[in-house]
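In this note's numbering, the protein residues as written are 21 to 225. Everything on this sheet refers to the single structure shown next.
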Amino acid sequence: MRGLITFLIVLAVLLSCSSAFSQTKRRIIQLSGFVTDSSSAVLPGVHVYVPKAGRGTPTTSAGFFTLPVLVGDSIVFSAVGYKRAHYIVPDQPKDSWSIFVELATDMTFLKGVVITDLPTEELFKEAVLAMNIPMENGLDARALNSEMIALMARTTPMDGMGNYRNYIDQWASSPGNQFRPQFNPFLDPLKWARFIRDLKKKKNK
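See below:
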């Protein structure tokens with residue numbers, strides 16, 4: 021009797037879990053459609069994506085898109101110069117669903133700018149030189165020092181691209197040096213003779 025009660029309890033738990041899983045499992049729907057503006061002109065390059073799922077697709081040159089989504093997903097449509105639009109996938113019996121999305125223009129009004137011309141090149145140069153440009157956030161003068169730049173170039177380690185470039189250069193020059201005799205500059209008699217001559221000149225001075 022106790023075994024029968026235990027079996028019935030386990031069976032009830034399994035049935036409840038199965039029912040809950042079937043309720044929470046959402047169906048996949050192939051969502052497709054066109055994106056247009058207020059004048060019914062198609063909009064290419066509109067970003068169509070599901071933020072929570074991290075997937076999306078852009079519209080084609082004809083403003084068409086297609087994307088697999090789940091029931092209840094919130095779809096975002098965004099494009100430069102237009103306001104974002106949102107669409108929640110409804111629960112309907114079909115496995116595919118087509119929609120038309122219209123994006124409203126997002127206007128940004130800028131302040132007016134008055135443009136005046138200068139009659140001569142000399143007046144233009146004087147106006148540029150007379151401009152008071154703050155240099156507090158400008159470049160540090162030490163960063164333009166040639167000795168400092170040379171020191172940084174010698175001591176800064178190479179990154180991945182630099183190592184790759186060095187390897188490619190060595191690999192490209194290796195076939196040409198394969199059959200050439202390897203010469204040690206330290207054993208060059210002409211350089212030794214030049215060194216001794218310069219050393220004697222310094223002593224005579």
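Beta carbons are placed, not taken as given, at the ideal position from N, Cα and C, and that holds for glycine.
Membership of PHE215 in the alpha helix (DSSP H) is indicated by the continuous run 209-224. Residue pairing of THR125 in beta bridges, as defined by DSSP: TYR102.
Within the model, the alpha-carbon separation for LYS145 versus TYR102 is close to 41 Å. Your pair SER52 and PHE97 does not check out as a contact, with CB atoms roughly 13 Å apart and the cut at 8 Å.
At least 8 Å separates the beta-carbon of GLU141 from that of SER58. About 15 Å separates the CB atoms of VAL70 and VAL55; that is not less than 8 Å, and the two are not in contact. Of the residues assessed, ASP179 falls on the exposed side of the cut-off, its CB having fewer than 16 other CB atoms within 10 angstroms.
Distance from the CA atom of LYS211 to the CA atom of PRO205, rounded to whole angstroms, is 8 Å. Boundaries of the alpha helix (DSSP H) harbouring VAL148: 141-149, taken from the DSSP string. Where LEU51 is concerned, there is no enclosing alpha helix (DSSP H), although the beta strand (DSSP E) around it starts and stops at 48-56.
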